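So the structure is just underneath, and the comments pick up after that.
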Amino acid sequence: MTDLAFVFPGQGAQKVGMGFDLSSNFAEANAVFEEANSILNWDLSNLCFNGPIEDLTRTENTQLAILTCSVASLRVVQSFGISAKIVAGHSLGEYAALIAAEVVDFDSALRLVQFRSKFMAESAAQTSGGMVAVIGLEDNKIERICDQIDGVISIANFNSPGQCIVSGETILLEKSIPLAKSAGAKRVIPLPVSGAFHSDLMMSAQKQFGSVICDYVFDEPKIDFVANVTGDFAKTGEKIKKLLVQQITNPVLWEKSVQLMKGDGISHFIELGPGSVLSGLVRRIGNDSICFNVEDMKSLERTLNGTNTV
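With my numbering, letter number 255 in the sequence shown gets 255, and the count goes up by one each step, no holes.
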């Protein structure tokens, strides 16, 4: 389909049982889990399928798990001959998108995410930070609130109209909550995350990751790839590597990314991986978008029927 984009979720989409249905029914999905187990030298598939949720939610585990589940969904969809014109991922999801665009293979992506998640978890442990979702307030008002507060606090995700994620020092986030509510926010929700991702509190992780990624070869994308940091197409492997490093401390421009894809003729989106959070965001960015997700047999059937692939 020339009007189709693949999109891939980020950290927070994890749930016990993810990937089991597709892995049990498709050799292509099972092979991805087997490869991940072999590369990591431990049973990631068991953690995805059986938990416990406490272990699955740890940053150094959940990033590997979501990437693997997303690639398993990708391989199943590809087995039906479905291909995309554009790919994009939300934060961690960029690594699955880069596999889809043939910039890196699964082995390289998984090893990079292993480094990324380790460095981010270490940065989180060394700092006192968190994230909050702000619902129903304009971006510029949220930015002004962050600017009023002295210290590390900024917008981490520009997700959709009226929905942003703010990241920063815990004590500063606590200060921002009443300010956001008094400015007109409908809800301000602290998120169950271990650190202030996509903020300057991740600077240590960014520096460490930058020293690792330079050892990997990135090819030019075979499918158009939209980068989080710019909300624009990234066309060379070297540029993508730099953007992945920047992404650790920079905001995810998801709304801008979706608008770019829609402006380039995309009307259908398939979310590949656990959950359907991105599908909801895409619909809020433009209710004329047609969204599907593939995480199990039921969602796969809906997607195949909706894209006239059966």
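C-beta atoms are modelled at their ideal positions from N, C-alpha and C, and glycine is treated no differently.
Keep in mind that this is a model prediction, so the values were computed, not measured.
Task: Backbone CA spacing between K141 and V226 [nearest angstrom] - done: 27 Å
Open item on the list: Just verifying my parser: in three-state terms, what is the DSSP assignment at G130?
Closed with: strand
- [ ] Answer with buried or exposed for K241, where buried requires no fewer than 16 other C-beta atoms within 10 angstroms of its C-beta.
- [x] buried
Task: Closest Cα partner of G286 within the set A96, F80, S276, G263 - done: G263
Open item on the list: In whole angstroms, give me the CA-to-CA distance for G129 and T62.
Closed with: 19 Å
Open item on the list: Within 10 Å of its beta-carbon, does S38 have 16 or more other beta-carbons around it, so buried, or fewer, so exposed?
Closed with: exposed
- [ ] Assign E220 to one of three DSSP states: helix, strand, or coil.
- [x] coil
TODO: To the nearest angstrom, report how far apart V310 and V113 are at their CA atoms.
DONE: Because the pLDDT of V310 is 44, which lies under 50, any placement of that residue in the model is unreliable, and the number read from its coordinates should be weighed accordingly. Using only the alpha carbons, I get a separation of about 34 Å.
Task: Option nearest M18 by Cα separation, candidates L4, N41, L40, T57 - done: T57
Task: Distance CB(T68)-CB(F33) smaller than 9 Å - done: yes
Open item on the list: For S199 and S154, I'd like the C-alpha separation in whole angstroms.
Closed with: 7 Å
Open item on the list: My output table needs one value for C291: the three-state DSSP class, helix, strand or coil.
Closed with: strand
TODO: With DSSP as the reference, please indicate the residues paired to E271 in a beta bridge.
DONE: V7, N293
- [ ] Run the CB neighbour count on E94, radius 10 Å, all protein chains shown included, and call it buried at 16 or more, exposed below.
- [x] buried
Open item on the list: My assumption, with CB atoms under 8 Å, is that V134 sits in contact with V104. Please give the rounded CB distance.
Closed with: The Cβ separation is near 34 Å, so there is no contact.
Task: Counterpart residues of F158 in DSSP-defined beta bridges - done: C164
Open item on the list: Excluding the 5 residues flanking Q259 on each side, which residues of the same chain have their C-beta closer than 7 Å to its C-beta?
Closed with: I285
Task: Collapsed DSSP secondary structure at V310 in the structure displayed - done: A caution first: V310 carries a pLDDT of 44, below 50, which makes its placement in the model unreliable, though a value can still be read off. Coil, per DSSP.
Task: Assigned secondary structure, I99 (DSSP; H/G/I helix, E/B strand, else coil) - done: helix
- [ ] Could you please give the first and the last residue of the uninterrupted alpha helix (DSSP H) stretch that includes P178?
- [x] 170-182
Task: Which listed residue (L44, R75, T59, D3) has its alpha carbon closest to that of E28 - done: R75
Task: Inter-stretch contact (C-beta, 8 Å, three-pair minimum) for the region 161-176 and the region 144-152 - done: yes
Task: Any 3 or more C-beta pairs closer than 8 Å across the region 235-251 and the region 267-274 - done: no
Open item on the list: So for I189, helix, strand or coil by DSSP?
Closed with: strand
- [ ] Tell me whether A227 sits in a helix, a strand or coil according to DSSP, three-state version.
- [x] strand
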